[in-house]
Amino acid sequence: MLGLILLIFDIRSHNIPLLLASLATLIAGAGCGFSAHVLKNRELAIKFPTVFCVIFMTIYVLTAAGEGSAILWSLLIPLGLCYFVSVKNGIILSAYYTLLIAVVFYSPLNARFATYYTPMFMTRFPILYACLSIFTGMAMIQYHRTALFEIDHANRLTEEVERQTAVVKQQSQKIEQMSRQTIHTLANAIDAKDPYTRGHSTRVAEYSGKIAQKLGWDRDRIDELKFSALLHDIGKIGVPDSILNNPRKLTDIEFDIIKSHTTIGRDMLKDRIMVKAADDVAVSHHERYDGKGYPQGLKGEEISEEARIVAIADAFDAMSSDRVYRKACDSCHIRNELENGKEKQFDPYITDVFLELWDGGELDEILKKDTGEEDDAEASSVLLQEVVETFAAGGSKDEIDVTTGIMSRNSGEKTIARVMMEEPGCLVFMDVDNLKKINDTYGHEAGDRILHIMGDTLADNSSDSLCCRLGGDEFLLFMKNVSQEDAKRRMEDIIRDFEQNKKDDPEISIASISAGMVMSTPENNYTDAYNKADKALYHVKQNGKSGFNFYKEDSEISAIDNIDVSKLVTNIKNSGSYNGAMNVDYREFAKLYEFIVNLEQRFDHSFKLIVISLESAKGDVFGSDELERSMYNMEQSIRQTIRDVDVLTRYSKQQFLVILLGTDNDGVKTAVDRIFRGYFKMNGSGSLIPKYSVADFENEKKG
Numbered sequence: 029m030l031g032l033i034l035l036i037f038d039i040r041s042h043n044i045p046l047l048l049a050s051l052a053t054l055i056a057g058a059g060c061g062f063s064a065h066v067l068k069n070r071e072l073a074i075k076f077p078t079v080f081c082v083i084f085m086t087i088y089v090l091t092a093a094g095e096g097s098a099i100l101w102s103l104l105i106p107l108g109l110c111y112f113v114s115v116k117n118g119i120i121l122s123a124y125y126t127l128l129i130a131v132v133f134y135s136p137l138n139a140r141f142a143t144y145y146t147p148m149f150m151t152r153f154p155i156l157y158a159c160l161s162i163f164t165g166m167a168m169i170q171y172h173r174t175a176l177f178e179i180d181h182a183n184r185l186t187e188e189v190e191r192q193t194a195v196v197k198q199q200s201q202k203i204e205q206m207s208r209q210t211i212h213t214l215a216n217a218i219d220a221k222d223p224y225t226r227g228h229s230t231r232v233a234e235y236s237g238k239i240a241q242k243l244g245w246d247r248d249r250i251d252e253l254k255f256s257a258l259l260h261d262i263g264k265i266g267v268p269d270s271i272l273n274n275p276r277k278l279t280d281i282e283f284d285i286i287k288s289h290t291t292i293g294r295d296m297l298k299d300r301i302m303v304k305a306a307d308d309v310a311v312s313h314h315e316r317y318d319g320k321g322y323p324q325g326l327k328g329e330e331i332s333e334e335a336r337i338v339a340i341a342d343a344f345d346a347m348s349s350d351r352v353y354r355k356a357c358d359s360c361h362i363r364n365e366l367e368n369g370k371e372k373q374f375d376p377y378i379t380d381v382f383l384e385l386w387d388g389g390e391l392d393e394i395l396k397k398d399t400g401e402e403d404d405a406e407a408s409s410v411l412l413q414e415v416v417e418t419f420a421a422g423g424s425k426d427e428i429d430v431t432t433g434i435m436s437r438n439s440g441e442k443t444i445a446r447v448m449m450e451e452p453g454c455l456v457f458m459d460v461d462n463l464k465k466i467n468d469t470y471g472h473e474a475g476d477r478i479l480h481i482m483g484d485t486l487a488d489n490s491s492d493s494l495c496c497r498l499g500g501d502e503f504l505l506f507m508k509n510v511s512q513e514d515a516k517r518r519m520e521d522i523i524r525d526f527e528q529n530k531k532d533d534p535e536i537s538i539a540s541i542s543a544g545m546v547m548s549t550p551e552n553n554y555t556d557a558y559n560k561a562d563k564a565l566y567h568v569k570q571n572g573k574s575g576f577n578f579y580k581e582d583s584e585i586s587a588i589d590n591i592d593v594s595k596l597v598t599n600i601k602n603s604g605s606y607n608g609a610m611n612v613d614y615r616e617f618a619k620l621y622e623f624i625v626n627l628e629q630r631f632d633h634s635f636k637l638i639v640i641s642l643e644s645a646k647g648d649v650f651g652s653d654e655l656e657r658s659m660y661n662m663e664q665s666i667r668q669t670i671r672d673v674d675v676l677t678r679y680s681k682q683q684f685l686v687i688l689l690g691t692d693n694d695g696v697k698t699a700v701d702r703i704f705r706g707y708f709k710m711n712g713s714g715s716l717i718p719k720y721s722v723a724d725f726e727n728e729k730k731g
């Protein structure tokens with residue numbers, strides 16, 4: 029505004045230098061305003077007018093433009109510059125103009141001003157100007173002190189806020205990275221409990237992320253889902269390894285323990301992690317779309333979308349990966365399972381989305397990780413490595429059975445099951461006969477000696493085989509790449525060496541080996557082979573022990589010969605006593621004998637052992653379904669007939685053992701007649717008819 033006013037007045041004077049000076053003032057003001065308000069550049073807003081003022085005011089002074097009074101108002105220049113361009117630059121400019129005027133007035137250039145000023149004025153004016161400049165600078169310093177302090181303080185606060193913001197952002201990124209690493213570490217620690225599940229949680233997370241991306245989820249929600257999927261099995265930390273890695277079919281109790289990993293996972297994650305959906309996914313990923321899942325039996329959209337996605341990803345990875353009890357399923361089988369699972373186990377729409385991703389090849393890269401490729405980011409984590417090694421060390425401390433020196437059940441069964449999926453061979457289920465009687469008669473030191481001999485015998489004959497102690501008097505052996513003849517010869521060698529090793533110890537002389545054997549190929553299921561070898565062992569046991577027998581498929585559907593009851597009683601007696609509560613199990617006849625002896629001593633009664641068998645009426649071949657139905661009906665009839673004090677157990681595929689307390693022969697006949705009538709009433713006419721044999725334990729004892 030000042031420049032515009034001066035320019036208007038100076039146009040009338042026709043004084044070119046004065047006009048240029050006024051124009052410079054106008055341009056300086058306009059440039060300052062444009063830089064400050066339009067360009068938002070404070071530094072340029074200061075430099076722009078400063079440069080113009082310096083150039084044009086220097087020209088103005090040197091040319092002595094205008095009348096003498098024009099030089100006087102130029103004294104306002106340092107004052108204005110001090111105010112507008114800050115104290116520091118203002119003082120420099122004031123000093124500059126002071127020197128400029130001194131040079132002009134004290135040099136030959138002063139002739140230009142002789143017309144307007146007296147010599148005394150020209151001598152004193154530079155001194156006065158210098159004093160005014162100093163005074164102006166000091167005044168501006170005092171005036172701006174508070175303002176400058178506040179500006180500097182504000183600037184420092186701004187810089188500190190920016191610095192702290194950057195630090196917080198950096199720390200947040202570190203925390204997020206550490207949280208992700210922790211989640212990955214937890215997931216891999218869970219998977220590390222079993223080599224067959226290593227990488228499972230990571231793959232499930234990747235599959236889930238692909239599904240969510242296809243569904244159009246935003247990035248934050250996808251990341252949250254992937255973190256939740258990584259932790260979906262965290263509850264398995266609370267499940268014993270012996271159950272988690274059991275290659276055989278689980279019992280109802282074991283399965284209930286396995287199912288508890290969902291609620292354990294929920295309790296571990298609830299309100300304790302930044303991933304909101306993690307606890308829900310952990311507890312609900314085994315729910316079914318039809319409401320038949322666990323643990324809550326949720327149905328349809330009652331199950332969160334996150335859990336429905338993870339359920340499909342989890343099932344797919346489980347089917348497409350090797351497990352300790354089977355090899356990976358082929359793609360046709362997996363597709364059929366997913367298709368058939370629509371609206372039953374899986375959400376139909378999400379299943380279709382997953383199949384579309386699979387068909388489009390978008391899962392191929394993730395599937396490759398199943399072959400053992402390691403994630404570089406995970407492999408570089410020292411923390412992860414330590415956790416995996418810790419879990420590995422924790423799992424290996426019980427790998428060796430102390431008494432026998434061979435593998436324990438947990439590690440042995442897993443190893444044997446894994447090798448059976450890769451190589452053919454013969455699975456042998458062995459039992460040390462009469463171990464209980466040795467323990468009862470000579471003490472557990474004698475029993476430990478026979479177990480030690482058994483371990484040494486197996487180790488000496490297992491250079492290319494795998495063996496482990498299942499527990500008690502039971503052992504498992506897998507002979508790799510052998511024919512049935514080779515397996516037979518090796519088993520004979522084992523029995524011969526066992527007899528040779530124990531012959532000099534009279535306390536353990538009654539010990540012997542019974543073994544059930546079954547040939548297997550990689551296509552066979554471990555559990556099936558185990559059960560078949562177990563059944564072959566029972567056949568040896570019921571026919572006098574001390575020997576071996578190969579499982580025969582046709583024995584499953586053909587009638588069996590009547591068991592020699594007297595031989596059974598003899599076998600039970602030779603097995604020794606069992607101290608403690610009775611646990612009726614068809615594999616452990618010694619417990620039945622001890623139960624009978626205890627009751628006889630307490631009540632002074634006789635006991636009857638009845639063997640009830642189902643046989644073909646005319647030697648006809650019958651199916652397994654008919655046999656199971658008939659055995660079920662027979663069991664129901666027996667249970668409805670016998671008393672609470674009597675004992676029932678299933679002895680073999682076609683036989684039951686019944687112990688009747690305080691019953692004479694007439695009572696046995698009456699009970700059996702009722703059992704058979706009830707059986708025929710429930711079962712109707714069929715190809716299987718019941719027969720029975722009786723042993724009198726009182727007579728056996730007296731004889």
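With our numbering, the residue at position 301 of the sequence shown is 329, and numbering never jumps. Beta carbons: idealized from backbone N, C-alpha and C, even for Gly. On a predicted model such as this, the values are computed, not experimentally measured, just so you know.
#### Entry: Validate contact between the segment 547-558 and the segment 454-472 using beta carbons, cut 8 Å, 3 pairs
Contact between the segment 547-558 and the segment 454-472 is present, because at least three Cβ pairs lie under 8 Å.
### Task
Identify, in the order they occur along the chain, each residue of the same chain with its Cβ nearer than 6 Å to the Cβ of residue 399, setting aside the five sequence neighbours on each side.
To locate residue 399, count along the sequence shown from 1; it is residue 371. Only weak support is given to the placement of residue 399: the predicted model assigns it a pLDDT of 38, under 50, and the question is left unresolved by the model.
### Task
Could I get the ranges of all uninterrupted alpha helix (DSSP H) runs contained in the segment 313-386, with 4 residues as the minimum, in chain order?
Here the runs fully enclosed are 333-348 and 359-368.
#### Entry: Spatially closest choice to residue 306 from 255, 356 and 287, by CA coordinates
Position 278 of the sequence shown, counted from the start, is the residue given in the question as residue 306. Ranked by Cα distance from residue 306, the options 255, 356 and 287 are led by 255.
### Query
Nearest to residue 342 by alpha carbon, out of 358, 239 and 228?
To locate residue 342, count along the sequence shown from 1; it is residue 314. Residue 342 has its Cα closest to that of 228, out of 358, 239 and 228.
### Query
alpha helix (DSSP H) containing residue 293: first to last residue?
Mapped onto the sequence shown, residue 293 falls at position 265. Judged by DSSP secondary structure, residue 293 falls within the alpha helix (DSSP H) whose first and last residues are 289-297.
### Query
Quick one: is residue 576 buried, meaning 16 or more other Cβ sit within 10 Å of its Cβ, or exposed?
One-based indexing of the sequence shown puts residue 576 at position 548. Around the beta-carbon of residue 576, 16 or more other beta-carbon atoms lie within 10 Å, marking it buried.
#### Entry: Spatial distance of residue 295 from residue 309 (CA atoms)
Here residue 295 is taken as the residue at index 267 of the sequence shown, counted from 1. Here residue 309 is taken as the residue at index 281 of the sequence shown, counted from 1. Here the alpha carbons of residue 309 and residue 295 stand approximately 12 Å from one another.
### Cα-Cα separation, residue 669 to residue 654
Residue numbering aside, residue 669 sits at position 641 when the sequence shown is read from its first letter. Residue numbering aside, residue 654 sits at position 626 when the sequence shown is read from its first letter. Their Cα atoms are separated by approximately 23 Å.
### Query
Quick one: what's residue 495 bridged to in DSSP?
Reading the sequence shown from its first residue, position 467 is the one you call residue 495. Beta-bridge annotation (DSSP): residue 495 is paired with 505.
### Query
Among the residues of its own chain, which have a CB less than 6 Å from the CB of residue 662, if the five just before and after it don't count?
The residue given as residue 662 occupies position 634 in the sequence shown. Residues of the same chain with a CB within less than 6 Å of the CB of residue 662, apart from the 5 flanking positions on each side, are 707 in chain order.
### Query
So is residue 148 buried or exposed if we call it buried at 16+ other beta carbons inside 10 Å?
Locating residue 148 in the sequence shown gives position 120, counting from the first residue. It counts as exposed.
### Query
What is the DSSP secondary structure of residue 719, counted as helix, strand or coil?
Numbered from 1 along the sequence shown, position 691 holds the residue referred to as residue 719. In the three-state DSSP reduction, residue 719 falls in the strand class (E or B).
### Task
Tell me, to the nearest whole angstrom, how far the beta carbon of residue 481 is from that of residue 474; I am working on the premise that it is less than 8 Å.
Here the question's residue 481 lines up with position 453 in the sequence shown. Here the question's residue 474 lines up with position 446 in the sequence shown. About 11 Å; that fails the 8 Å criterion.
### Query
Looking at the unbroken alpha helix (DSSP H) that takes in residue 559, where does it start and where does it end?
For the purposes of this step, residue 559 is identified with residue 531 of the sequence shown, where counting begins at 1. Run containing residue 559: 554-570, per the alpha helix (DSSP H) assignment.
### Task
Output the boundary residues of the beta strand (DSSP E) element that contains residue 636.
What you label residue 636 is simply residue 608 of the sequence shown in a count that begins at 1. Residue range 635-644 is occupied by the beta strand (DSSP E) that includes residue 636.
### Query
Applying the criterion that 16 or more other CB atoms from any shown protein chain within 10 Å of the CB defines a buried residue, is residue 723 buried or exposed?
For the purposes of this step, residue 723 is taken as residue 695 along the sequence shown, with counting starting at 1. It counts as buried.
### Query
Does the segment 522-535 touch the segment 434-443, meaning 3 or more C-beta pairs lie closer than 8 Å?
No, the segment 434-443 is not in contact with the segment 522-535.
#### Entry: Spatial distance of residue 548 from residue 459 (CA atoms)
Here residue 548 is taken as the residue at index 520 of the sequence shown, counted from 1. Here residue 459 is taken as the residue at index 431 of the sequence shown, counted from 1. Using only the alpha carbons, I get a separation of about 20 Å.
### Task
Determine the closest residue to residue 567 out of 684, 544 and 516, with distance taken between C-alpha atoms.
By 1-based counting over the sequence shown, the position of residue 567 is 539. Here the closest residue by C-alpha is 544.
### Message
I'd like the list of long-range same chain contacts for residue 478, defined as Cβ closer than 7 Å, with 5 residues on each side in sequence excluded.
### Response
Mapped onto the sequence shown, residue 478 falls at position 450. Result list for residue 478: 460, 463, 466, 530, 536 and 539, in chain order.
### Query
What's the call for residue 716, buried or exposed, on a 16-neighbour Cβ count within 10 Å?
Locating residue 716 in the sequence shown gives position 688, where the first residue counts as 1. By the neighbour-count rule (16 or more Cβ atoms within 10 Å), residue 716 is buried.
### Query
Ordered along the chain, which non-local residues of its own chain (more than five positions away) have a Cβ less than 8 Å from that of residue 371?
Within the sequence shown, residue 371 is the residue found at index 343, counting from 1. Taken in chain order, the residues that qualify are 317 and 318.
### Beta-ladder partner(s) of residue 661, from DSSP
By 1-based counting over the sequence shown, the position of residue 661 is 633. Partner(s): none; residue 661 has no beta bridge.
### Query
Three-state secondary structure (DSSP) at residue 510?
The residue given as residue 510 occupies position 482 in the sequence shown. Of the three classes helix, strand and coil, the one that applies to residue 510 here is coil, per DSSP.
### Query
What residues are listed by DSSP as bridge partners for residue 576?
What you label residue 576 is simply residue 548 of the sequence shown in a count that begins at 1. Paired residue(s): 543.
### Task
For residue 435, name the three-state secondary structure that DSSP assigns.
For the purposes of this step, residue 435 is taken as residue 407 along the sequence shown, with counting starting at 1. Residue 435: strand per DSSP, three-state reduction.
### Query
Given residue 304, which residues of its chain have a CB within under 7 Å of its CB, disregarding the five upstream and five downstream residues?
Position 276 of the sequence shown, counting from 1, holds the residue named residue 304. These residues qualify, in order along the chain: 252.
### Query
Mapping DSSP to helix, strand and coil, what is residue 456?
Here residue 456 corresponds to residue number 428 of the sequence shown, with the count starting at 1. In this structure, DSSP gives residue 456 an extended state, which the three-state scheme calls strand.
### Task
Note down the Cα distance separating residue 425 from residue 691, rounded to an integer number of angstroms.
Working through the sequence shown from its first residue, we reach residue 425 at position 397. Working through the sequence shown from its first residue, we reach residue 691 at position 663. Residue placement at residue 425 is flagged as unreliable, the pLDDT there being 44, under the threshold of 50; the coordinate-derived value follows with that caveat. One C-alpha to the other measures close to 52 Å.
### Query
If you compare alpha carbons, which of 693, 710, 698 and 643 is closest to residue 681?
Counting from one through the sequence shown, the residue named residue 681 turns up at place 653. By alpha-carbon distance to residue 681, the top candidate from 693, 710, 698 and 643 is 643.
### Span of the beta strand (DSSP E), counted from its first residue to its last, around residue 686
By one-based count along the sequence shown, residue 686 stands at place 658. Where residue 686 is concerned, the enclosing beta strand (DSSP E) stretches over 683-689.
### Query
When you compare each of 244, 238, 242 and 291 to residue 263 by their alpha carbons, which one comes out closest?
Within the sequence shown, residue 263 is the residue found at index 235, counting from 1. Considering only alpha carbons, the answer is 291.
### Query
Over what stretch of residues does the beta strand (DSSP E) that includes residue 671 continue unbroken?
Here residue 671 corresponds to residue number 643 of the sequence shown, with the count starting at 1. Counting along the chain, residue 671 sits inside no beta strand (DSSP E), nor does DSSP assign it H or E at all.
#### Entry: Residue environment, residue 185, which counts as buried when at least 16 other CB atoms sit within 10 Å
As a first step, residue 185 must be located in the sequence shown, where it is residue number 157. Residue 185 is exposed by the Cβ-count criterion.
### Query
Cα separation between residue 587 and residue 558?
The count along the sequence shown starts at 1 and reaches residue 587 at position 559. The count along the sequence shown starts at 1 and reaches residue 558 at position 530. Note that residue 587 has pLDDT 35, beneath the 50 cutoff, so the model's placement of it is unreliable and no number is given.
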